[in-house]
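*Asks:* For reference, the structure I am asking about is given below.
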Amino acid sequence: MIRVMIVDDHEVVRIGLRSLLQRVEDLEVVGEAGSAEESIRKVDALAADGTPPDVVVMDVRMPGGSGIDACRAIRAKYPEIKVIMLTSYTDDEAVYASVMAGAAGYVLKQVGSDDLVKAIRTVHSGGALLDPSTTQRVLERMRSKDPLGDLPEPLTDQERRLLELISEGKTNKEIAQEVFLSEKTVRNYVSNILAKLGLSNRAEAAAFAVRHGLTGKEEPGDKI
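Residues 6 to 229 in the working numbering are what the sequence shown spells out, letter by letter.
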């Protein structure tokens with residue numbers, strides 16, 4: 006079963022979505038929320054009970070808090086949870102912000118029932134919901150903005166270079182050989198990079214680099 010949570014400030018929309026999804030054999034609606042703040046609390050409560058949602062269908066715009074902010078908060082705490090942003094119309098700014106917040110993509114509120122179910126299954130299996138033209142625009146926007154520019158403590162040029170090498174799946178020993186440093190020095194650099202980015206391991210650093218267009222290579226596995 007795919008556990009789904011519905012977040013929308015309109016009760017009628019939530020009722021309609023729940024009624025639709027409950028008729029699908031492999032989907033289970035485990036929670037609802039009417040605001041961004043409530044969605045975060047509900048996810049925390051479900052996670053504490055051992056039944057966190059696999060997929061959250063999240064309205065982009067809600068009074069009192071953005072669905073994008075809620076998506077960011079949920080994904081930061083529960084990266085295994087997929088979020089689909091629900092929007093009334095295609096808005097490049099909202100789509101870009103959603104992707105940067107960690108959403109797996111978006112669907113229009115006018116989407117048909119079969120397409121919504123397909124979307125939930127797609128993101129649950131690791132897929133994304135961006136059409137090619139939208140993907141291109143988002144990538145161009147990402148390339149035009151320095152994702153490291155807003156860090157409280159910016160990365161040095163050397164740290165940026167090492168982050169690129171980490172994203173290529175290189176070990177500390179391989180990096181040391183390439184940049185002519187000792188392996189211990191590289192290890193210290195890696196620790197500094199993780200601390201500045203607020204990440205916990207090399208795999209997350211590699212994924213960060215790939216996600217923000219800091220390397221052209223595919224996301225590697227976690228090499229230690």
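Even glycine gets a Cβ: it sits at the ideal position worked out from N, Cα and C.
(1) Identify, in the order they occur along the chain, each residue of the same chain with its Cβ nearer than 6 Å to the Cβ of Gly221, setting aside the five sequence neighbours on each side.
(2) Keeping to the same chain, check which residues put their C-beta closer than 7 Å to that of Asp14; ignore five residues upstream and five downstream.
(3) In the DSSP assignment, the alpha helix (DSSP H) including Asp162 goes from what residue to what residue?
(4) Could I get the ranges of all uninterrupted alpha helix (DSSP H) runs contained in the stretch 85–117, with 4 residues as the minimum, in chain order?
(5) Assuming Leu219 and Ser172 form a contact by the criterion Cβ under 8 Å, report the distance between their Cβ atoms to the nearest whole angstrom.
(6) How many Å lie between Glu183 and Asp49 at the Cα?
(7) So, under 8 Å CB-CB, Tyr111 and Ile86 are touching, yes? Tell me the CB distance rounded to an integer number of Å.
(8) With DSSP run on the structure shown, which of helix, strand or coil describes Val48?
(9) Could you check which residue in Ile45, Arg46 and Leu134 has the C-alpha nearest to that of Leu91?
(10) Check each candidate in Tyr101, Arg23 and Ile7 and name the one with the smallest Cα separation from His217.
(11) Below 8 Å on the Cβ atoms is my guess for Val34 versus Arg23; work out the distance and round it to an integer in Å.
(12) Leaving out the 5 sequence neighbours to the left and right, which residues in its chain are closer than 8 Å to Cys76 when beta-carbon positions are compared?
(13) Between which two residues does the alpha helix (DSSP H) containing Gly36 stretch?
(14) Can you tell me whether DSSP reads Asp59 as helix, strand or coil?
(15) Classify Leu32: buried if its beta carbon has 16 or more other beta carbons within 10 angstroms, exposed otherwise.
(16) If you count every other CB in all the chains shown that lies within 10 Å of the CB of Ile229, and 16 or more means buried, which is it?
(17) Might you give, ordered along the chain, the residues of its own chain that have their beta carbon closer than 8 Å to the beta carbon of Ala124, omitting 5 neighbours on each side?
(18) Quick one: using the 10 Å Cβ neighbour count with 16 as the cut-off for buried, is Ala81 buried or exposed?
(19) Would you kindly check if the distance between the Cβ of Val29 and the Cβ of Thr122 is under 8 Å?
(20) For Val29, report the span of its beta strand (DSSP E) as first-last.
(21) Any idea what DSSP makes of Arg8, helix, strand or coil?
(22) One question on the structure: do Ser118 and Leu25 come within less than 8 Å of each other, judged by their Cβ atoms?
*Replies:* On the basis of the data shown:
(1) If you number the sequence shown from 1, residue 221 lands on position 216. Below a pLDDT of 50, predicted positions are generally treated as unreliable, and Gly221, at 42, falls in that range; no measurement from the model is reported.
(2) Position 9 of the sequence shown, counted from the start, is the residue given in the question as residue 14. The residues are Gly39, Ser40, Asp64, Met67 and Pro68.
(3) In the sequence shown, residue 162 corresponds to position 157, counting from 1. Asp162 to Ser172 is the extent of the alpha helix (DSSP H) around Asp162.
(4) 97–105
(5) Position 214 of the sequence shown, counted from the first residue, corresponds to residue 219. Position 167 of the sequence shown, counted from the first residue, corresponds to residue 172. Right, the Cβ-Cβ distance comes to about 7 Å (below 8 Å), so this counts as a contact.
(6) Within the sequence shown, the letter at position 178 stands for residue 183. Within the sequence shown, the letter at position 44 stands for residue 49. Taking the straight line joining both Cα atoms gives about 44 Å.
(7) Mapped onto the sequence shown, residue 111 falls at position 106. Mapped onto the sequence shown, residue 86 falls at position 81. Between Ile86 and Tyr111 the Cβ distance is about 16 Å, and since that is not below 8 Å, they are no contact.
(8) Mapped onto the sequence shown, residue 48 falls at position 43. In the structure shown, Val48 sits in a helix (DSSP, three-state: H, G or I).
(9) Along the sequence shown, read from residue 1 onward, the residue named residue 91 stands at position 86. When only C-alpha atoms are compared, the closest one is Leu134.
(10) Here residue 217 refers to the residue found at position 212 of the sequence shown. Of Tyr101, Arg23 and Ile7, the residue nearest in Cα terms is Tyr101.
(11) By one-based count along the sequence shown, residue 34 stands at place 29. By one-based count along the sequence shown, residue 23 stands at place 18. Right, their Cβ atoms sit about 5 Å apart.
(12) Translated into the one-based positions of the sequence shown, residue 76 becomes position 71. The answer, listed in chain order, is Val61, Met63, Val88, Met90, Ser103, Ala106, Gly107 and Ala108.
(13) Within the sequence shown, numbered from 1, the residue matching residue 36 stands at position 31. From DSSP, Gly36 is part of no alpha helix (DSSP H) but of the beta strand (DSSP E) over Leu32 to Ala38.
(14) As a working mapping, residue 59 is identified with position 54 in the sequence shown. Reduced to three states, the DSSP call for Asp59 is coil.
(15) Sequence index remark: in the sequence shown, residue 32 carries index 27 (1-based). Result: buried.
(16) On the sequence shown, position 224 is the one that residue 229 refers to. Legend: pLDDT at Ile229 = 37, less than 50; position of this residue unreliable, no value from coordinates given.
(17) Reading the sequence shown from its first residue, position 119 is the one you call residue 124. Here the set comprises Ile89, Gly110, Val112, Val116 and Leu134.
(18) Taking the first residue of the sequence shown as 1, we reach residue 81 at position 76. With fewer than 16 other Cβ atoms within 10 Å, it is exposed.
(19) On the sequence shown, position 117 is the one that residue 122 refers to. On the sequence shown, position 24 is the one that residue 29 refers to. With the sequence shown as reference, residue 122 is identified as Val, and Thr is not the correct amino acid for it. Yes.
(20) For the purposes of this step, residue 29 is taken as the residue at position 24 of the sequence shown. That residue, Val29, is in no beta strand (DSSP E); it is neither H nor E in DSSP.
(21) Reading the sequence shown from its first residue, position 3 is the one you call residue 8. Strand at Arg8.
(22) Numbered from its first residue, the sequence shown carries residue 118 at position 113. Numbered from its first residue, the sequence shown carries residue 25 at position 20. Yes, they are a contact pair.
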